[in-house]
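All residue numbers for the sequence shown refer to the numbering used here, where the first residue is 85 and numbers rise by one. Below: one structure, written as structure tokens.
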Amino acid sequence: QVREIGDAAYRHRQEVESGDRTIVGVNRFTTEEPPIEGLLRVNEEATRIQIQRLERLRKERDGGKVKAALERLEQVAKTEENTVPVILECVENHCTLGEISQVFRGVFGEQEGILTF
């Protein structure tokens with residue numbers, strides 16, 4: 085199956101390069117303007133403020149409720165049950181996106197790209 089995916093990707097690339105497959109902005113309807121660079125500039129002050137807010141949240145929230153909600157999310161993620169209600173419970177108990185994501189990584193692992201040549 086991995087080889088089939090690699091072969092399909094190769095055929096797709098060949099079609100794009102030959103012009104048999106149109107991709108707007110890549111091989112058709114392109115612009116001569118240079119790409120915009122440096123579009124994202126993270127303000128250091130905003131970063132500092134956000135870190136302070138996160139630290140304050142972690143101090144002021146109910147750690148027991150956070151732990152219980154994250155444990156419930158882990159239990160539900162291991163089943164076929166809908167995780168959305170439990171994610172909402174986590175959010176209501178002030179779990180961070182990073183904490184919720186970490187639970188999912190623990191259950192499902194991280195997606196890794198597959199390279200074939």
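Built from N, CA and C at the ideal position, the CB exists for glycine as well.
Could you spell out where the alpha helix (DSSP H) holding residue i opens and where it closes?
i, result
"phenylalanine 113", "Looking at the DSSP string, phenylalanine 113 is not in any alpha helix (DSSP H), and its letter there is neither H nor E."
"leucine 157", "147-161"
"glutamine 136", "128-144"
"aspartate 91", "86-102"
Tell me the rounded alpha-carbon separation between residue i and residue j.
i, j, result
"isoleucine 107", "isoleucine 171", "37 Å"
"valine 175", "glutamate 164", "21 Å"
"proline 169", "glycine 148", "19 Å"
"asparagine 127", "glutamate 173", "32 Å"
"arginine 97", "histidine 178", "45 Å"
With a cut-off of 8 Å on the beta carbons, I'd call residue i and residue j a contact; round off their distance for me.
i, j, result
"threonine 167", "leucine 138", "No, threonine 167 and leucine 138 are not in contact; Cβ-Cβ is about 23 Å, not under 8 Å."
For the segment 112-119 against the segment 158-175, do three or more pairs of beta-carbon atoms, one drawn from each stretch, fall closer than 8 Å, so that the two count as touching? No, the segment 112-119 is not in contact with the segment 158-175.
Ignoring anything shorter than 3 residues, give me the beta strand (DSSP E) runs that lie fully in the segment 176-200, in order along the chain. Along the segment 176-200, the beta strand (DSSP E) does not occur as any fully enclosed run of 3 or more residues.
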